[in-house]
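Chemist:
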Amino acid sequence: MMTPHSLRVDKVLKHFSPIVRPLLNFRAERRLEKVVNIADLRLCAESRLHKMIFGYLDTGSDDEISLRRNKDAFTEIEMHFKVLAGLAPPLDLSTKLFGKNVDIPFFASPCAGNRMFHNEGELAVASVAKENNSVYCLSSVSTTSFEQIRQVLSHDHPKLFQVYVWKDRDLLLELFQRAKQQGFESMALTVDAAWYGNRERDIRNGLTVPPSYTMSQIYEALKAPAWTWDFLANPVFKYALIRDDLPAESLAHFVNSQLNPAFSWDDASWLVKEWGDTGPRAIKGICRPTDARKALDIGFTTIWVSNHGGRQLDTSPATIDILPAIRKAVGPNVEIILDGGIQRGTDIAKALALGADGVAIGKPYLYGLAAGGRHGVAKAFSILRKELDRAMGLLGVDSIEELKSDGDRLVQKRGCSMRDTQGARYSHAGLI
Ligand SMILES: Cc1cc2nc3c(=O)[nH]c(=O)nc-3n(C[C@H](O)[C@H](O)[C@H](O)COP(=O)(O)O)c2cc1C
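The opening residue of the sequence shown carries number 338 in our numbering; numbering runs sequentially from there.
1. Whose C-beta lies closer than 7 Å to the C-beta of S446 among residues of the same chain, with five residues either side of it excluded?
2. Of the residues N451, V609, H492 and T412, which one's Cα is nearest the Cα of V500?
3. Quick check on DSSP: helix, strand or coil for I414?
4. Among residues of its own chain, excluding the 5 on either side of H492, which ones have a beta-carbon nearer than 8 Å to its beta-carbon?
5. To the nearest angstrom, how far is it from the Cα of V489 to the Cα of V420?
6. Give a yes or no on contact between the stretch 389 to 402 and the stretch 600 to 617, applying the rule of three or more CB pairs nearer than 8 Å.
7. I'd like the span of the beta strand (DSSP E) that includes I635, first residue to last.
8. Answer with buried or exposed for Y556, where buried requires no fewer than 16 other C-beta atoms within 10 angstroms of its C-beta.
9. Per DSSP, what kind of secondary structure is Q313 in: helix, strand or coil?
10. Taking 8 Å as the threshold (C-beta atoms), are V478 and V714 in contact?
11. Using only the heavy atoms of ligand 1, determine whether one of them is closer than 7 Å to the beta carbon of L497.
12. Looking at M524: is its Cβ nearer than 8 Å to the Cβ of R618?
13. CB-CB under 8 Å to I486, same chain, minus the five flanking residues each way: which ones, in chain order?
14. Over what stretch of residues does the beta strand (DSSP E) that includes I698 continue unbroken?
15. Suppose you measure from the CA of F513 to the CA of E484; what does that come to, to the nearest Å?
16. Per DSSP, what are the beta-bridge partners of R444 in this structure?
17. DSSP state of F513, grouped into three classes?
18. Is it right to say T412 is buried, meaning 16 or more other beta carbons lie within 10 angstroms of its own, or is it exposed?
19. Bridge partners for Y533 per DSSP, in chain order?
20. For R345, count neighbouring Cβ atoms within 10 angstroms of its own Cβ and tell me buried if that reaches 16, exposed if not.
21. Excluding sequence positions up to five away, which residues of its chain have a Cβ less than 7 Å from the Cβ of K750?
22. Just curious, the beta strand (DSSP E) that F498 is in, first and last residue?
23. Taking Cβ positions, are T340 and Y550 nearer each other than 8 Å?
24. Give, in chain order, every unbroken run of the alpha helix (DSSP H) that is at least 4 residues long and sits entirely within the stretch 597 to 634.
25. Would you report the Cα separation of D735 and I674, rounded to the nearest angstrom?
26. Report yes if the CB atom of D400 is closer than 8 Å to the CB atom of D651, and no otherwise.
27. Is I769 helix, strand or coil when you go by DSSP?
28. Of the choices S403, A693 and F443, whose alpha-carbon is the least far from that of Q649?
29. Ligand 3 heavy atoms versus the CB of N542: any closer than 7 Å?
30. Measuring alpha carbon to alpha carbon, tell me which residue in A690, G682 and A688 is nearest P701.
31. In whole angstroms, give me the CA-to-CA distance for S431 and D567.
32. List the whole-angstrom C-beta distance separating G695 from P442, where the pair is believed to meet the contact cut-off of C-beta under 8 Å.
33. From R452 to K388, what distance separates their C-alpha atoms?
34. Following a CB-centred definition, is A449 positioned closer than 7 Å to any heavy atom of ligand 1?
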């Protein structure tokens with residue numbers, strides 16, 4: 338089918354971009370200035386994006402119960418603050434993740450096709466990771482290559498490659514080689530998405546990648562002129578780690594045909610061996626303590642507790658609820674990352690207190706990207722950074738180390754406390 342991109346309309350439009358883009362983005366930028374928290378950023382993203390793209394970003398699966406549960410669970414956790422700790426902002430938020438020193442304990446989780454949300458895409462996110470000295474993680478289905486990311490992030494910057502296992506194993510091994518050449522020392526194998534979740538917003542919105550030119554999609558495109566201009570005035574986005582030579586139309590088909598729903602522990606074991614033991618190896622999408630142990634047995638070094646942001650198996654538990662059991666199962670020395678439902682600095686503090694070494698954020702930075710490119714991602718990071726600083730100051734802890742070591746005294750789940758605590762007190766006293 339003939340499309341504006343097949344006719345290379347982008348080559349003509351790009352000459353008008355210096356005048357047209359600022360005009361079309363004027364309102365979005367004004368709105369971004371007023372943003373106070375992540376919920377505000379979400380509204381900015383919704384108003385700038387094409388409806389189907391916002392739906393893809395924001396959706397959960399089925400009835401979206403896990404999507405809400407991930408967030409709600411944080412509200413059930415109380416912070417038992419210490420007073421008069423004598424702290425002044427800004428606190429030191431630095432820690433060590435994936436074997437490297439970083440300035441903040443949270444980072445951008447790997448998310449597919451960043452250029453879908455804003456033309457600056459993954460490069461904007463990498464640039465904010467550099468500014469914050471935080472981990473950067475590139476998705477297997479990114480719209481930017483390792484080599485392009487390397488233009489922004491030095492060889493030594495902590496970088497992870499998130500892996501989906503394609504049926505074409507030669508392609509996978511070639512990607513491993515390319516990743517390592519560009520200084521991606523660590524990898525994260527995603528294991529909760531071998532089967533694709535049922536995302537009903539995408540079905541209702543008629544999501545296609547690349548977008549199709551039906552009447553309703555064109556109507557929606559006209560309602561989102563800033564997004565539409567960027568889409569039409571730039572080269573069409575491609576999955577940069579897959580096949581550069583494939584036209585966009587056949588890429589979606591290629592990705593679908595390459596995902597392997599029958600992927601098993603044997604395959605995971607093969608893959609972790611192929612990566613080798615040169616750097617940390619994370620398994621992303623763990624929900625059960627027994628699976629965490631099994632992953633360590635076959636050679637993974639980092640457990641990433643995640644349910645894909647509530648986009649896969651609906652009614653799976655909130656990640657923060659299962660974190661303590663997973664920490665208990667793997668012991669104190671194994672690195673744990675948690676993602677899912679983080680919207681506030683207090684959420685990050687709670688995750689660290691309950692057993693995580695680091696926290697990944699997905700939708701919060703994508704809202705920022707969609708709302709205003711690099712500027713929006715920087716805003717998301719700065720909101721969470723300030724909120725975490727304030728949460729720690731009010732809680733009375735002056736370092737990530739203290740938050741982690743004193744966590745179980747500072748942060749407690751509401752509801753299960755009083756009677757259990759009394760029982761525990763009696764048992765300590767030898768009365769029962
Ligand atoms: C639009 C979108 C695309 C995603 N793409 C990927 C991906 O390519 N690989 C992956 O491992 N996880 C992917 N995820 C999941 C995130 O890495 C992360 O686990 C999740 O978003 C965390 O939950 P949160 O969005 O509530 O922060 C994606 C999430 C979103 C929202």
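Built from N, CA and C at the ideal position, the CB exists for glycine as well.
Values in this document were obtained by computation on a predicted structure and should not be read as measured data.
Modeler: If we stick to the structure as given:
1. C474, D676, A697, I698 and G699
2. V609
3. Reduced to three states, the DSSP call for I414 is strand.
4. Excluding sequence neighbours, H492 sits near Q519 and G520.
5. If I take the Cα positions, the gap works out to 42 Å.
6. no
7. Taken as a continuous stretch (DSSP letters only), I635 belongs to no beta strand (DSSP E), as it is neither H nor E.
8. exposed
9. Look at the range of the chain in this structure, 338 to 769, and you will see that residue 313 is not part of it.
10. no
11. no
12. Closer than 8 Å, so yes.
13. E459, L460, A463, Y473, L475, K496 and Q519
14. G695 to I698
15. 13 Å
16. The amino acid occupying residue 444 in the given sequence is Phe; Arg does not appear at that position. A697.
17. If DSSP states are grouped into helix, strand and coil, F513 belongs with the helices.
18. So T412 counts as exposed.
19. According to DSSP, which records beta bridges pairwise, Y533 is partnered with nothing at all.
20. exposed
21. Closer than 7 Å at the Cβ level, and outside the excluded window around K750, lie E413 and I414.
22. K496 to V500
23. For the pair T340 and Y550, the CB atoms are nearer than the 8 Å cut-off.
24. Runs found: 602 to 612 and 626 to 634.
25. 21 Å
26. yes
27. Confidence is the limiting factor: at I769 the pLDDT is only 49, short of 50, which leaves the residue's position unreliable and the question unanswerable from this model.
28. S403
29. With respect to small molecules bound, the structure shown includes ligand 1 and not ligand 3.
30. G682
31. When rounded, the distance between both Cα atoms is 36 Å.
32. Their Cβ separation, rounded to whole angstroms, is 5 Å, which keeps G695 and P442 in contact under 8 Å.
33. 16 Å
34. yes
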